[in-house]
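Each remark here refers to the structure printed beneath this line.
Residue numbers (this note's numbering): 241 to 379.
Okay, here's the thing in structure tokens:
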């Protein structure tokens, strides 16, 4: 984690922060990148979280949806946008009782059966993704 000297990035719905000293230090040291489409003086509005989700999906190698409401909410909106725009592969928990999840699978999300014991590493290997040209945000 950050206290152990790791590097991270995070996408914020706004830049209003009550930053702890270690967060400020990590940003100053180049170990933490904070991204926001909104200015630091803007008040938070719920639609900003939806806009933030677009950046998260665009920066993701894969997305895993565990539960989505059918045709409503930020998870549905973000996952369907990622599918339509090809931002990243979307895996979705294949739970028959969750109509939102089934809707995403019908819309192109890849079904994920947790009982099969699939690991994140296995999902990443299953996704054709050439990241050889991707630049590091921390170099």
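All C-beta atoms in this analysis are idealised placements derived from N, C-alpha and C, irrespective of residue type, glycine included.
According to DSSP, simplified to helix, strand and coil, what is residue i?
| i | result |
| --- | --- |
| residue 302 | coil |
| residue 351 | strand |
| residue 333 | strand |
| residue 285 | coil |
| residue 308 | coil |
| residue 269 | coil |
Determine the burial state of residue i: buried for a count of at least 16 other Cβ atoms within 10 Å of its Cβ, exposed for fewer.
| i | result |
| --- | --- |
| residue 303 | buried |
| residue 276 | buried |
| residue 329 | buried |
| residue 310 | exposed |
| residue 316 | buried |
| residue 340 | buried |
| residue 338 | buried |
| residue 284 | exposed |
| residue 298 | exposed |
| residue 366 | exposed |
Can the beta-carbon of residue i be found less than 8 Å from the beta-carbon of residue j?
| i | j | result |
| --- | --- | --- |
| residue 344 | residue 308 | yes |
| residue 293 | residue 318 | yes |
| residue 334 | residue 352 | yes |
For the beta strand (DSSP E) containing residue i, list its first residue and its last residue.
| i | result |
| --- | --- |
| residue 344 | Taken as a continuous stretch (DSSP letters only), residue 344 belongs to no beta strand (DSSP E), being part of the alpha helix (DSSP H) at 339-346. |
| residue 365 | No beta strand (DSSP E) contains residue 365, which is instead part of the alpha helix (DSSP H) from 360-366. |
Hey, could you find the ends of the alpha helix (DSSP H) residue i is sitting in?
| i | result |
| --- | --- |
| residue 272 | No alpha helix (DSSP H) contains residue 272, which is instead part of the beta strand (DSSP E) from 272-275. |
| residue 317 | 313-325 |
Tell me, which residues are paired with residue i by DSSP?
| i | result |
| --- | --- |
| residue 250 | 274 |
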